[in-house]
Amino acid sequence: AQSVTQPDIHITVSEGASLELRCNYSYGATPYLFWYVQSPGQGLQLLLKYFSGDTLVQGIKGFEAEFKRSQSSFNLRKPSVHWSDAAEYFCAVAAYSSASKIIFGSGTRLSIRP
Amino acid sequence: EPEVTQTPSHQVTQMGQEVILRCVPISNHLYFYWYRQILGQKVEFLVSFYNNEISEKSEIFDDQFSVERPDGSNFTLKIRSTKLEDSAMYFCASSEAPGAGANVLTFGAGSRLTVL
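Here it is in structure tokens:
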């Protein structure tokens, strides 16, 4: 069965600093991988997704993520964070064979230090 | 940009009462989903729905839960007799095509249910 681990519950970075949020997945085949962001009072917004091809994927808001099969990781990065990036970030995986089910990680809360 | 809308944003109910959470998916989407997030826990899949029937459900989605598309626009989640442990944020989502793996789900802002 698929699973997703986000080892960092809460991260604080200074505005303008770089960011990396960690995500490890467990799945027997090539997974579909996602990063979602949830701002307070908002729904889950898709930042980026990986299905196949180039292992470095670009998303919205200046985010990118790199799929590393050897490490079963899909870490999210941003070179310079803005105060508006403060939110909860969820890594997620879906199976090719699943019609519906996305498996979410437990989330990483990002705080931005002015 | 098209969005999924959910009502109510917050509902407080007494244990044992019936609750209906409503969702208006994106108009050209054909696949509908409910997920929930208990406070401090992961977002969990509940059910998917297509062509007026459930296509997949999780073990959480027991006989107390039901879904319905009563008209051409709404998609509802009913909890027949709420329990304290049903307190959670419930997210509706929709997609154009099936397969959460291959197609993007658009999520609503969620309905927070508090059971007292």
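Chains as they are written, first to last, in this note's numbering: chain A, -2 to 111; chain L, 2 to 117. Note that CB positions come from ideal geometry on N, CA and C, so glycine has one too.
Going by DSSP, what residue range makes up the beta strand (DSSP E) through residue i?
| i | result |
| --- | --- |
| R74(A) | 70 to 75 |
| M90(L) | 89 to 96 |
| A62(A) | 61 to 65 |
| C20(A) | Counting along the chain, C20(A) falls outside any beta strand (DSSP E), and DSSP gives it neither H nor E. |
| L114(L) | 112 to 116 |
| R106(A) | 105 to 110 |
| S67(L) | 66 to 69 |
| T52(A) | No beta strand (DSSP E) contains T52(A), which DSSP labels as neither H nor E. |
| W80(A) | Segment: none, W80(A) is in no beta strand (DSSP E) and carries neither H nor E. |
| I99(A) | 99 to 101 |
| V10(A) | 7 to 11 |
| I80(L) | 76 to 80 |
| E2(L) | Premise fails: E2(L) is in no beta strand (DSSP E) and is neither H nor E. |
Beta carbon of residue i, beta carbon of residue j: below 8 Å?
| i | j | result |
| --- | --- | --- |
| I80(L) | E2(L) | no |
| V48(L) | Y32(L) | no |
| S88(L) | V68(L) | no |
| L44(A) | D82(A) | no |
| P28(A) | Q68(A) | no |
| S112(L) | P9(L) | yes |
| C24(L) | Q12(L) | no |
Could you name the residues of chain D that residue i contacts, counting a contact when the two beta carbons are closer than 9 Å?
| i | result |
| --- | --- |
| K46(A) | The structure shown contains no chain D; its protein chains are A and L. |
Could you tell me the distance, in whole angstroms, from the CA atom of residue i to the CA atom of residue j?
| i | j | result |
| --- | --- | --- |
| A89(A) | L106(L) | 12 Å |
| E86(L) | G59(A) | 38 Å |
| N21(A) | A110(L) | 26 Å |
| S82(L) | L22(L) | 13 Å |
| E85(A) | T105(A) | 6 Å |
| Q42(L) | M90(L) | 10 Å |
| P111(A) | K58(L) | 44 Å |
| S49(A) | Y24(A) | 15 Å |
| G38(A) | F92(L) | 12 Å |
| E4(L) | A94(L) | 10 Å |
| T14(L) | P99(L) | 34 Å |
| S74(L) | K98(A) | 23 Å |
Tell me which same chain residues have a C-beta within less than 7 Å of the C-beta of residue i, skipping the five on either side of it?
| i | result |
| --- | --- |
| F64(A) | L30, Y47, T52, F71 |
| S103(A) | Q3 |
| V1(A) | C20, Y22, C88, A89, V90, I100, F101, G102 |
| M16(L) | T83, K84, L85, V116, L117 |
| I109(A) | V10, E12, V78, W80, D82, A83 |
Quick one: residues in its chain with C-beta nearer than 8 Å to the C-beta of residue i, no 5 flanking neighbours on either side, listed in chain order?
| i | result |
| --- | --- |
| R70(L) | F33, F50, N53, F76, T77 |
| L41(A) | Y33, V34, Q35, F87 |
| D5(A) | L18, R19, T105 |
Starting from the C-beta of residue i, find all residues in its chain whose C-beta is less than 6 Å away, skip the five residues before and the five after it, and write them out in chain order.
| i | result |
| --- | --- |
| K75(A) | L16, G59, F60 |
| G56(A) | L44, L45 |
| F62(L) | L47, V48 |
| V155(A) | The structure shown does not extend to residue 155(A), since chain A is modelled only from -2 through 111, so no value can be given for it. |
| E97(L) | H30 |
| I39(L) | A89 |
Residue ranges of each alpha helix (DSSP H) within the stretch 12 to 49 of chain L, 4 or longer: Listed in chain order, nothing qualifies, since the stretch 12 to 49 of chain L has no complete alpha helix (DSSP H) run of 4 or more residues.
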